[in-house]
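In this note's numbering, the protein residues as written are 418 to 562.
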């Protein structure tokens with residue numbers, strides 16, 4: 418009385434397509450890697466290369482012997498700096514300059530922007546903005562002459 422159900426097994430189809438190697442993938446997308454290159458060079462030149470100079474703080478550096486051949490002194494330079502009589506004067510000067518920068522240089526652009534916003538004459542406002550922004554886009558040698 419009951420029907421018998423037969424279940425047939427289906428094997429997965431194997432693809433004949435070979436997986437691309439990394440070199441083939443990079444060649445296919447070479448323009449993406451070319452666009453990545455300036456940013457990568459920036460980080461290598463300005464962030465990773467300077468870290469090599471940190472080793473100078475732990476060596477008795479001499480330009481004649483070079484960085485790698487200079488003798489290792491460990492934390493001696495740091496101990497000398499922190500134990501020196503001028504340490505607290507240097508610390509006070511650094512904190513004072515930072516505080517003055519925070520007080521005077523931080524609000525100055527905001528105040529200038531608010532003052533420029535209140536100028537009624539569009540022509541005078543544009544001329545003033547131009548003279549304020551010129552030093553950011555032109556070499557200081559040209560501005561000073």
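Positions of the beta carbon are idealized from the N, C-alpha and C atoms, including for glycine.
Counting the other CB atoms within 10 Å of its CB gives residue 476 a total of 16 or more, which places it among the buried residues. Take residue 487, set aside five residues on each side of it, and the residues of its chain with a beta-carbon closer than 7 Å to its own are 476, 477, 478, 479, in chain order. Less than 9 Å divides the Cβ of residue 495 from the Cβ of residue 474.
Residue 484 and residue 472 do touch by the CB rule: their CB atoms are close to 6 Å apart, below 8 Å. Secondary structure of residue 476 (DSSP, three-state): strand.
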